[in-house]
Structure formats: structure tokens, C-alpha cells
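Chains G and L are the protein sequences, given in the same order.
Residues 3 to 762 in the working numbering are what the first sequence lists, from first letter to last.
Residues 731 to 913 in the working numbering are what the second sequence lists, from first letter to last.
These notes concern the structure reproduced below.
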Amino acid sequence: MKIRAVVLVALLFGPRIGWGQPRDDTSLDEVLPAPTTDAQTSQQEGSTSTEPVEFGLGFGEEFELEARDRVISASRTVTTIQEVPAIVTVITAAEIEDRGFRTINEILQTIPGFEGDRSEGHDWMVEPFARGNPRTLLILVNGINVVDPLRNNLVLDRKIPLEIVERIEVTSGPGGVLWGSNALLGVVNITTKTGQDHSGVQLRVGGGHGPGEMAAVEVNASYGQELIEDLFLFANLNFYSSQGAELTPDSQKVVGVLPDPDPDGISYFIPQSVTTDPSRDYFGSVYLDLRGGPFTLDAFIQYEADYRQQGYGGAVLTTDLRSESLRQQVGAVNVENMGLDPLWVFSLGYQDRYLDNDFGLNATAYFVRWIVQEDPFGTYPPSELLPRGYFTIMKDQGNFRTGLNLDADLNLPYNNRLIFGGEVMGDIIGGVEQSFPADATSPTDTGMITDTVIEAGNRVIGAVYASDEWRASERVALNAGARLQLSNTYDPAILLSGAMVWNLFRDTFLKVNYGEGFRPPEFQSTNTNPEIPSGITWLPNPNLNVERSRAIDSEINTILLRDQGIIDQWFFRADYSFTIMEDVIRNIGGTFENSGVRYIHTVEAVSRLRFVGHHELSLSYYFVNAEDDTSGPLRNIANHIFNAHGRLQILQDMLHLSADLTWIGPREDANRRVVAGDDPSAIVMVFPSDVFIEKLDPVWLLRAGVRVENVLDRFHFGVFGYNCLDQEYSDPDFYFDRQVIIRPQPRPRWSVFATVEAEF
Amino acid sequence: MRTTARLGAISLITALLVGGCLADPYTGSYVVVDFLTDLSPSAIVQMPDGTTSHYEMWVQFDDQGVISLGKFSVDVNGHVLAYPGMTERIGSLTGADDRRRSGVEWDSPYQLEGVTSAFVTIETNGETDYAPSGVVIMEGEVEPTEPGRLSGQMSGQYTTRLGEQKNPTARITILLAEDQATF
Numbered sequence: 003m004k005i006r007a008v009v010l011v012a013l014l015f016g017p018r019i020g021w022g023q024p025r026d027d028t029s030l031d032e033v034l035p036a037p038t039t040d041a042q043t044s045q046q047e048g049s050t051s052t053e054p055v056e057f058g059l060g061f062g063e064e065f066e067l068e069a070r071d072r073v074i075s076a077s078r079t080v081t082t083i084q085e086v087p088a089i090v091t092v093i094t095a096a097e098i099e100d101r102g103f104r105t106i107n108e109i110l111q112t113i114p115g116f117e118g119d120r121s122e123g124h125d126w127m128v129e130p131f132a133r134g135n136p137r138t139l140l141i142l143v144n145g146i147n148v149v150d151p152l153r154n155n156l157v158l159d160r161k162i163p164l165e166i167v168e169r170i171e172v173t174s175g176p177g178g179v180l181w182g183s184n185a186l187l188g189v190v191n192i193t194t195k196t197g198q199d200h201s202g203v204q205l206r207v208g209g210g211h212g213p214g215e216m217a218a219v220e221v222n223a224s225y226g227q228e229l230i231e232d233l234f235l236f237a238n239l240n241f242y243s244s245q246g247a248e249l250t251p252d253s254q255k256v257v258g259v260l261p262d263p264d265p266d267g268i269s270y271f272i273p274q275s276v277t278t279d280p281s282r283d284y285f286g287s288v289y290l291d292l293r294g295g296p297f298t299l300d301a302f303i304q305y306e307a308d309y310r311q312q313g314y315g316g317a318v319l320t321t322d323l324r325s326e327s328l329r330q331q332v333g334a335v336n337v338e339n340m341g342l343d344p345l346w347v348f349s350l351g352y353q354d355r356y357l358d359n360d361f362g363l364n365a366t367a368y369f370v371r372w373i374v375q376e377d378p379f380g381t382y383p384p385s386e387l388l389p390r391g392y393f394t395i396m397k398d399q400g401n402f403r404t405g406l407n408l409d410a411d412l413n414l415p416y417n418n419r420l421i422f423g424g425e426v427m428g429d430i431i432g433g434v435e436q437s438f439p440a441d442a443t444s445p446t447d448t449g450m451i452t453d454t455v456i457e458a459g460n461r462v463i464g465a466v467y468a469s470d471e472w473r474a475s476e477r478v479a480l481n482a483g484a485r486l487q488l489s490n491t492y493d494p495a496i497l498l499s500g501a502m503v504w505n506l507f508r509d510t511f512l513k514v515n516y517g518e519g520f521r522p523p524e525f526q527s528t529n530t531n532p533e534i535p536s537g538i539t540w541l542p543n544p545n546l547n548v549e550r551s552r553a554i555d556s557e558i559n560t561i562l563l564r565d566q567g568i569i570d571q572w573f574f575r576a577d578y579s580f581t582i583m584e585d586v587i588r589n590i591g592g593t594f595e596n597s598g599v600r601y602i603h604t605v606e607a608v609s610r611l612r613f614v615g616h617h618e619l620s621l622s623y624y625f626v627n628a629e630d631d632t633s634g635p636l637r638n639i640a641n642h643i644f645n646a647h648g649r650l651q652i653l654q655d656m657l658h659l660s661a662d663l664t665w666i667g668p669r670e671d672a673n674r675r676v677v678a679g680d681d682p683s684a685i686v687m688v689f690p691s692d693v694f695i696e697k698l699d700p701v702w703l704l705r706a707g708v709r710v711e712n713v714l715d716r717f718h719f720g721v722f723g724y725n726c727l728d729q730e731y732s733d734p735d736f737y738f739d740r741q742v743i744i745r746p747q748p749r750p751r752w753s754v755f756a757t758v759e760a761e762f
Numbered sequence: 731m732r733t734t735a736r737l738g739a740i741s742l743i744t745a746l747l748v749g750g751c752l753a754d755p756y757t758g759s760y761v762v763v764d765f766l767t768d769l770s771p772s773a774i775v776q777m778p779d780g781t782t783s784h785y786e787m788w789v790q791f792d793d794q795g796v797i798s799l800g801k802f803s804v805d806v807n808g809h810v811l812a813y814p815g816m817t818e819r820i821g822s823l824t825g826a827d828d829r830r831r832s833g834v835e836w837d838s839p840y841q842l843e844g845v846t847s848a849f850v851t852i853e854t855n856g857e858t859d860y861a862p863s864g865v866v867i868m869e870g871e872v873e874p875t876e877p878g879r880l881s882g883q884m885s886g887q888y889t890t891r892l893g894e895q896k897n898p899t900a901r902i903t904i905l906l907a908e909d910q911a912t913f
């Protein structure tokens, strides 16, 4: 559905915002027609059409703005990719389908500034890196912070099914002034689908197989409808199950030290590889969106049971560790780890505009729940050292966040537009308990001991912010913002931002922006029980301050060609950023401390060539160099990542091919060599001084597929292959330290997945 | 022509930016030592003149000088603590407790590529000079074992305040900083 996007801009920002991209250097102010209704606006804003949006400028000349060129989260108002004072990439629902993405991690893998889909703890956690650092991203679901405060992370596997995603806006760089906590090095804002944009029933079933994802099945059902006048419902049910990936570690850990920051020690390995064969994983979710007038009610309830045969530290479990009496006591029988890691998000929103659209108000009250339970958590298979093996069980008592966001925008005289607001948020940590056999070496059961590893805690946060955009001239906009963040657990934080966007000439923009971000200490570094019988020896530090980031970004972007022969549009952008992380939290001598400064240089470049007939070729490059002033360069990251994406439309709206090729440069990992003796099945001892820097070769990852659409006007088919080149590769640890994972972590090999969709 | 000019300008900017990123190499090193046997608690180790003492870890560059990696003490539990202060735990002796911990870590700001040997001395408590005391309790050669890595073993002997003769042994590995930005 084509729309007049000028209406969108006029409604949401009034006539002063942005200069658009009028031809012949004509100011957009001069050509804007009168606004239309709010309802139209919201429908347009949420459009899922794959058709480009037309901006009619009243001169008989038009330029097209696709949904993926519109940006909301970087400035909390709608503007374009080219003009927004930040480095932003938008992925729409249509693109997610087109390119066969399965997870948000896979999406981030293709975006400069990020290294998505990194594994930690042998696939227990799969998360993205931003500018070379893990857990530095703010993940938003419809503007709500869903980063778990216990560990400052959110595993981006199938937790959030992409079938409910309307669009994802990814900002590279700090975004603390507008978004507050966790927007340290980037923001991922996930916008979900609504009944205003999707009507009718959509059913989707899929299945696939391969050593990278075995025996996978998916069932998804969506329903969208205008129930009564101006009351819209969107509902989604998603179920996914697979046996996960066959992983082949090159050796089997038998007993080893606890993860860093516990003191280092000797580990024992059987230097033989083994291929895992885990049980079936289950992911299920329910999503509801109900909106009428200015009100929106959202609910996302998810369940997952994720089985892993390889322990967090690398032990491979092949036998049941528990005797019958322990089974009765513990109440479960596992020969592998079962991770229970669900996410719940509920929100109630109010959004409206007043004063002839000069004032907009958006209020959202929300509740988020995380829980992490690992059974078993620590795993040591039976061996001559521990004849009965050893295990621990970790139970998170649940972590909760409830809060209220209040955001407003106001058009002011002299071409100023003020965005301001505040938030009140409370984090509640239920604590983490760990259970373990009382005597691991006893030939008989000695019962289980349970102790508190992380104590319950809470944190109250309040913040106010304001950001003003001043359009100094027809071609230059200046932006300045500030935020005051208060909490009962850390010192007040003041964050600043500033930006200049200069429309050099038609379709070419120069941006320079300064941003700050912060990350509150994770609760596991402030609330660890200092007297833990189960043996964790690191001490908490309740006086930790927030980690800070500051970045200067510069970008030049342009439409190099438009409507030239077979070329529809050629977009290019190049960015350089210099980022400083301060007060980085690390463990020093067993206690967490704010220490050290990290200097990060990044370069991003994107060339997107769109041809007539909906063919497309995109190339992107990402360079990162991060150096810590106390531990040197971060060598566990790829300094260079290239991405290429191609889309070939064979039959208009019927058949297209798609491929994404990612080249991840060499990475390094501080590991320990496991050297077999005369008997390859005998346990060998590995000392800390066996450490060496393991060089991990570059990786070529190819995802390719075909989609057949609109068969009989209601059926769609898709088949995609993942890791099609069957690269057998491993990931380094999240952190460039010497202890956590002693061997590289194998990643999934190839797999295929096919889907059939029907719309009614 | 205009497009070509734009492309050229953008390419130049990008090249300059990338080039600027490749400077600033880090030259520090990481050292880990496993004290395998017979490193006694500091409380029962003394200087030849009977004064109380602590340990100090050194590396030597052929005949060109020595660098101290750090002073440390050992408590009765086998925990290795940074000296002075003795609150920062930098590792443990092998077999120090039921988890057979080992590994003592130092981050050095120096490039230790030219190190040829390593040794441990005992030093008088309170001294602040930058020279080894000469009371060497173990030493050994260090040599490159692979690019970016040196390793070796140390051994020696000393007598405790209690009159026991000890034969300490240890393994040392030095990881050198390298510029990773290679294709």
C-alpha cells in the first residue's frame, strides 16, 4: 500500500521537523500540505507493505522512502535513516522473511557495528557484541527495557519469535540520554505487530534438519482484526522445537575450576572428541496486542526448555549423574543440562497528540519478568577423579522490573522541537540458590545442600531527560540533550548528547554526533553472598558505580544514484566512531571493582544497490579495534567483518532468491592445550601455565534460500539453508581472559528449514 | 561526474579513518606461573639475616637487566597475595585447597619478548628498591615455544625459618601482546 509519507511527517512532527529530501533544494516546509488524521498516521506508521512509501512533494516529483528507511528509536520521533542524528539500521518484517532470519542474533550478524550470534558457555548463552564488547546493548521491546538486571543480558535465541516483529531498529553507539540504562554501546528496539497492520489469520508451519539444527519443527498462528470500530487485536501463538545442534568439542572436560572470577586452577580433560546428542528443546510464546483510540495493551508470555549436553565449562554429560535417592530428592532426571529461561513482558500505553499536533504524549506502564534455572548447572561427569560425577542445580527466584515511561514532544518557536520525559523503574532480584551433593566423593548419597549464591535485592531508578532539535537553517539541524539518572544503588549519573546533521547537498548528509551511555552494575557483582558454602570465592561490591561510555560518531551518507537505467537507488554510508568506556567493572583479586578505560575505534560502511524489479545487492564492512588500558587489545573479537546480501526477484511478487554471506575475520582466544598421553582415553591435567593464544580462522557463513509467494493469493513457501558452506568453526569466550572456557566453543554446522504459510 | 566526486570523497574519508584506527599498538604481556611444590607461607621464610620477608617474581633479559613482575606473599592456606597490602589475591599454590588451584597471574605493561630466564627471590619486608636481593630460591630458563608465547620451568632450594629444606618448582608462561588486526 502506497501512502503519502508527507502526511506522516506533518502529523508527527509538525511542519518544522526535518528538511526531507526535496528536489532542487526546496525546503520541505514550503511544500507540506495540511495534516490529516491521527488514525491515518498510525496506520501508515505501522505499515508492513513491502512496497516503498512515496513522499509526494507537490511538484510532480516523488522520491520513495521504504519502511526500512524510517527511524523512530534513535530520536524517539520518526525521521529518516539519512537524517537521524545517529548510526541506525532498520530491518522490517518483510526483510526478515525475505532473508530467512531465525533470530535477532542473526539479524545483528549482518549489521555493521555488531558481531551477532556469539556463543558463551558452549551455546548456553548466545548474544551479540556491540563495538567489540558483550552485554553492552539495550534491548527494547516496544520501548521497554528487557535487559535482565541480574546479568545485564538477554539471550537473543528464539526467545522473541520473529513472527511477532514488525521492525527492528538498531542504533550503533551510546544512547543513554534518550533511553537510559544499558544503552552503553547500542540500542536494539523491537517493534511488534499490531492489528492495525495485519488483518485475518496467518498460519505458518515449518520443519528442517541438519547437524546445525536437528529435527526442527515450528507452528505459528497469527490473527489480526478490527474487533469493533477503532479497537484492534493482534494475537500470535508460536511453538518451536528442535534437537538443537550436534556439537563436537575436541576434548571432554572432566573436572575444572569454576568460571572466572573464581581463582584459577588445574583442569582435567579426556583428550578425545565426542559429538553431542541432546534432547529436544521447546520454545513457546503467546503475544497479544490490543489497541483502541490512544490506548495500547500488550502481553508477551514465553516458555522455553533448552537442553544442552555440553556443560557451561565444556564437560560432556552422557550418563545420569544421580542415584535413585538423589533423583527422588531433586525431583528430576537429566543426563544433560535443562535451561529454563523465559521472558514475560506486559505493558499498557497511552499515546495522543494535542495543541494542533504540536504536543505529543506517550505514557507506558510495564512489567517484565525473567527467570533462569539451570538443572544441572555445574556438571562433572563420572571419572576416576569423581567416580559418581558431580553436579549443581541453580535456581533463580525470578527477577522483575516494573516501571513507567513518560515521553513527550513539543514544537517550539524558532524551529525548535523539544523531546522530553522521564521514567521511574524498579528492579527486584529474587536471588539465586544453588544445590549440590553434600559430599561428592562419598560412595553413598550424602544428600543435597542448598545455599544462596546471589542474595535478593532491589534497585529503584528515576530519570528525567530533555533533547532539543534546532533547525538552524534549511540545511543544518543541531541537537543537544541531557539526562539525569538517579538510583538508590549508584551515584547520580548525568549524560549529555549533541549532534549536527548537515544536508551538504541533495541526498547527501554529514552527521557528527556525540553520545553517552551507561550500564548499571549487574546484580551478580553487587549481591553475591560473601559466605557461600558451595565454594564461589569472589566477593560482591555493593558500592560499584555505573560503567560509562562516550562516543563521537561521524557519518556521511548519500544517495549516489536514483532512477538511473536499471538502478533504482544506490545508497551509501560511511561512519567512523571513537568510543571510550570508563569505570569498566572487572574482578580484581576476588572483588569486583570499577577499573580501567577502554578505547574503541570503529568504522562502518554500507553500500545498498537496489535495482528496478526489486533486485538488491548490499555490501557492508565493519572494523573494530578495542584496547583496554590494563589488559591490552580485545583479541577475542573479529577486527574485520564483511557482509554481502543479494536478492534476485525472478517472478514479480512470486519468486525470489536471497543470500547473505558473512565473513568473520580471525579471532583469538586464550585457551589451554589438552595434550594426549600414550593412552588417549586417559585423563590429562591442564595447568594455568598451559595457556596459549589460540588463533581461530576466519569464517564464511552463507545463508541462502528461495521464497515462492502469493500462490493462489494465499500461500507462501520458503526454503532456507543455514551455514550452507558447512563451516566447522568455534567461538572465543565473551571476555578476553584466560580462564572461563579452556577450549574453543564449537558452533552449529549446516541445516535447512522450510516453511509453508497460508493467509485467510 | 558529481557521483564520482562523491564516491571519491567518501572513499578518501573512509581510507583515512581506517588508517587512523590501525595505530596505537599495545605492548604489554601476560604472565602466569604455576608454583608446583614447596613454596612456603611467607611467615616461615626469612632473609639470611633473619629479617622477615616476602617473595618477588623477576624476569631477565639475557644480560641486559631484570624486570620485577610483582611482589607477593603466601598465606597458610596457599593463597598468593599481592605485597604489600596482602588483600588482593593473585592466585594460589598448586594443591592449595580441595580444588587443586594453581596459577598466579601478572599483567606487565612491558613487551617481554626478549626474556631469557625467570627467577624468584625473597626480599626484606618494607624494602622499596628495584633490584633483586640476591637471595634466589628458584630460577630457570625461558624460551619461545611458539609465536607470541614463551615458557619454561624454575627450580631451586631454600631453608625455612623452621629449618626445613625446600625444593620449590614452578612453570612459567609469558604471553606477548600481538597486533591481531591481520587477515
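Using N, Cα and C, we set each Cβ at its ideal position, and we do this for glycine too.
Quiz item: Can you name the residues of chain L whose CB is closer than 7 Å to the CB of Phe103 of chain G?
Solution: In the first sequence, residue 103 of chain G corresponds to position 101, counting from 1. Those do not exist, as Phe103 of chain G stays about 28 Å from chain L at its closest Cβ, beyond 7 Å.
Quiz item: Looking at Phe438 of chain G and Thr774 of chain G, is the spacing between their C-beta atoms short of 8 Å?
Solution: Chain G is shown only over 3 to 762; residue 774 of chain G falls outside these bounds and no answer can be derived.
Quiz item: Hey, Arg133 of chain G and Leu187 of chain G: beta-carbon distance below 8 Å or not?
Solution: Here residue 133 of chain G is taken as the residue at index 131 of the first sequence, counted from 1. Here residue 187 of chain G is taken as the residue at index 185 of the first sequence, counted from 1. Yes, they are a contact pair.
Exercise. Give a yes or no on whether 8 Å exceeds the smallest Cβ distance from Arg740 of chain G to chain L.
Key: Taking the first sequence and counting its residues from 1, the one referred to as residue 740 of chain G is at position 738. Taking Cβ atoms only, chain L reaches closer than 8 Å to Arg740 of chain G, which makes this a yes.
Exercise. Provide the residue span of the beta strand (DSSP E) that contains Thr404 of chain G, from first to last.
Key: Residue numbering aside, residue 404 of chain G sits at position 402 when the first sequence is read from its first letter. Unbroken beta strand (DSSP E) run through Thr404 of chain G: 401–414.
Quiz prompt | Pro439 of chain G at chain L interface by Cβ criterion, 8 Å | solution = Along the first sequence, read from residue 1 onward, the residue named residue 439 of chain G stands at position 437. It does not: the Cβ of Pro439 of chain G has no partner Cβ on chain L nearer than 8 Å.
Quiz item: Exposed or buried, what is Met868 of chain L when buried is set at 16 or more other beta-carbons lying within 10 Å of its beta-carbon?
Solution: Looking up residue 868 of chain L in the second sequence gives position 138. Buried, since its Cβ has 16 or more Cβ neighbours within 10 Å.
Self-check item: Closer than 8 Å to chain L by CB, Gly267 of chain G
Solution: Position 265 of the first sequence, counted from the first residue, corresponds to residue 267 of chain G. So yes, Gly267 of chain G belongs to the interface.
Practice problem: Would you decide whether Val335 of chain G is buried or exposed? Buried here means 16 or more other CB atoms lie within 10 Å of its CB. | Solution: As a first step, residue 335 of chain G must be located in the first sequence, where it is residue number 333. Bear in mind that the predicted position of Val335 of chain G carries a pLDDT of just 42, short of 50, making it too unreliable to give a figure here.
Quiz prompt | Ala218 of chain G versus G:Pro280, G:Met687, G:Asn641, residue with shortest Cα-Cα distance | solution = For the purposes of this step, residue 218 of chain G is identified with residue 216 of the first sequence, where counting begins at 1. Of the candidates G:Pro280, G:Met687, G:Asn641, the one whose C-alpha sits nearest the C-alpha of Ala218 of chain G is G:Pro280.
Quiz item: For Phe689 of chain G, does the three-state DSSP call read helix, strand or coil?
Solution: Working through the first sequence from its first residue, we reach residue 689 of chain G at position 687. Three-state result, Phe689 of chain G: coil.
Quiz item: Is any beta-carbon of chain L found at less than 8 Å from that of Ile695 of chain G?
Solution: As a first step, residue 695 of chain G must be located in the first sequence, where it is residue number 693. It does: the Cβ of Ile695 of chain G has a partner Cβ on chain L nearer than 8 Å.
Quiz item: Taking buried to mean at least 16 other C-beta atoms within 10 Å of its own C-beta, is Ile496 of chain G buried or exposed?
Solution: The sequence position of residue 496 of chain G within the first sequence is 494, counting from 1. So Ile496 of chain G counts as exposed.
Self-check item: Closer than 8 Å at the beta carbon, the chain L residues around Ile590 of chain G
Solution: Looking up residue 590 of chain G in the first sequence gives position 588. Those are Glu818, listed as they occur along chain L.
Quiz item: Contact check, Glu518 of chain G vs Leu546 of chain G under 8 Å by CB: the rounded distance?
Solution: The residue you call residue 518 of chain G lines up with position 516 of the first sequence. The residue you call residue 546 of chain G lines up with position 544 of the first sequence. 18 Å between Cβ atoms; not a contact.
Quiz prompt | Cross-chain neighbours of Thr112 of chain G in chain L, by beta carbon under 9 Å | solution = Within the first sequence, the letter at position 110 stands for residue 112 of chain G. Simply none; closest approach about 20 Å.
Quiz prompt | Terminal residues of the beta strand (DSSP E) in which Ile852 of chain L lies | solution = Position 122 of the second sequence, counting from 1, holds the residue named residue 852 of chain L. Segment 847–854, the beta strand (DSSP E) holding Ile852 of chain L.
Self-check item: Through-space distance from Val149 of chain G to Thr138 of chain G, alpha-carbon basis
Solution: What you label residue 138 of chain G is simply residue 136 of the first sequence in a count that begins at 1. What you label residue 149 of chain G is simply residue 147 of the first sequence in a count that begins at 1. Roughly 10 Å separates the two Cα atoms.
Practice problem: Identify whether Val33 of chain G lies in helix, strand or coil by the three-state DSSP scheme. | Solution: One-based indexing of the first sequence puts residue 33 of chain G at position 31. At Val33 of chain G, the pLDDT of 27 sits below 50, so the modelled position is not reliable; the number obtained from the coordinates is stated separately. Looking at Val33 of chain G - three-state DSSP - the assignment turns out to be coil, as it is neither helix nor strand.
Quiz item: Is it true that the CB of Ala553 of chain G sits closer than 8 Å to the CB of Ser579 of chain G?
Solution: Within the first sequence, numbered from 1, the residue matching residue 579 of chain G stands at position 577. Within the first sequence, numbered from 1, the residue matching residue 553 of chain G stands at position 551. Closer than 8 Å, so yes.
Quiz item: Does the beta carbon of Phe689 of chain G come closer than 8 Å to any beta carbon on chain L?
Solution: What you label residue 689 of chain G is simply residue 687 of the first sequence in a count that begins at 1. Closer than 8 Å: yes.
Quiz item: Within 8 Å (strictly less), CB to CB, does Gly821 of chain L reach chain G?
Solution: Here residue 821 of chain L is taken as the residue at index 91 of the second sequence, counted from 1. It does: the Cβ of Gly821 of chain L has a partner Cβ on chain G nearer than 8 Å.
Practice problem: Count the other CB atoms, across all protein chains shown, that sit within 10 Å of the CB of Gly102 of chain G; report buried if there are 16 or more and exposed otherwise. | Solution: On the first sequence, residue 102 of chain G is found 100 positions in, with the first residue counted as 1. Buried is the call here.
Exercise. Give the range of the alpha helix (DSSP H) segment to which Glu97 of chain G is assigned.
Key: The sequence position of residue 97 of chain G within the first sequence is 95, counting from 1. 95–101 is the extent of the alpha helix (DSSP H) around Glu97 of chain G.
Quiz item: By Cβ distance below 8 Å, which residues in the same chain neighbour Ser385 of chain G in space, the five residues on each side in sequence not counted?
Solution: For this step, residue 385 of chain G is matched to residue 383 along the first sequence. For Ser385 of chain G, where only same-chain residues beyond five positions count, the Cβ hits under 8 Å are Val256, Val257, Tyr270, Ile272, Gly391, Ile685.
Self-check item: Helix, strand or coil at Ile534 of chain G according to DSSP, with G and I counted as helix
Solution: Residue numbering aside, residue 534 of chain G sits at position 532 when the first sequence is read from its first letter. Three-state result, Ile534 of chain G: coil.
Quiz item: What residue range is occupied by the uninterrupted alpha helix (DSSP H) comprising Glu518 of chain G?
Solution: Translated into the one-based positions of the first sequence, residue 518 of chain G becomes position 516. Careful: Glu518 of chain G lies outside any alpha helix (DSSP H), inside the beta strand (DSSP E) at 510–521.
Quiz item: Is there at least one Cβ from chain G nearer than 8 Å to Val789 of chain L's Cβ?
Solution: Residue mapping note: residue 789 of chain L aligns to position 59 of the second sequence, counting from 1. Not an interface residue.
Exercise. Could you tell me which chain G residues have their CB closer than 9 Å to the CB of Ile774 of chain L, listed as they occur along the chain?
Key: To locate residue 774 of chain L, count along the second sequence from 1; it is residue 44. In chain order: nothing, as chain G lies at least about 23 Å away.
Quiz item: Which chain G residues are close to Asp837 of chain L, counting only those with a beta carbon under 9 Å from its beta carbon?
Solution: If you number the second sequence from 1, residue 837 of chain L lands on position 107. Here the neighbours are Thr632, Ser633, Gly634.
Quiz item: According to the neighbour-count rule (16 or more other Cβ atoms, all chains shown, within 10 Å of its Cβ), is Leu357 of chain G buried or exposed?
Solution: Counted from its first residue, the first sequence places residue 357 of chain G at position 355. Exposed is the call here.
Exercise. Pick helix, strand or coil for Gly313 of chain G, following the three-state DSSP scheme.
Key: The residue given as residue 313 of chain G occupies position 311 in the first sequence. Gly313 of chain G falls in the coil class under three-state DSSP.
Exercise. Verify whether the separation of the beta carbon atoms of Tyr314 of chain G and Trp540 of chain G is less than 8 Å.
Key: What you label residue 314 of chain G is simply residue 312 of the first sequence in a count that begins at 1. What you label residue 540 of chain G is simply residue 538 of the first sequence in a count that begins at 1. No, Cβ-Cβ distance for Tyr314 of chain G and Trp540 of chain G is not below 8 Å.
Quiz prompt | Distance, Arg669 of chain G Cα to Leu636 of chain G Cα | solution = In the first sequence, the residue the question calls residue 636 of chain G occupies position 634. In the first sequence, the residue the question calls residue 669 of chain G occupies position 667. Going from the Cα of Leu636 of chain G to the Cα of Arg669 of chain G covers about 10 Å.
Quiz prompt | For Gln46 of chain G, three-class secondary structure by DSSP | solution = By one-based count along the first sequence, residue 46 of chain G stands at place 44. Residue confidence is low: Gln46 of chain G scores 38 on pLDDT, short of 50, so the model does not pin down where it sits. Its coordinate-derived value is still stated next. In this structure, Gln46 of chain G counts as helix in the three-state DSSP scheme.
Quiz prompt | Selected residue, minimal CA-CA separation from Phe369 of chain G, among G:Gly428, G:Glu228, G:His200 | solution = Here residue 369 of chain G corresponds to residue number 367 of the first sequence, with the count starting at 1. The residue with the shortest Cα to Cα distance from Phe369 of chain G is G:Gly428.
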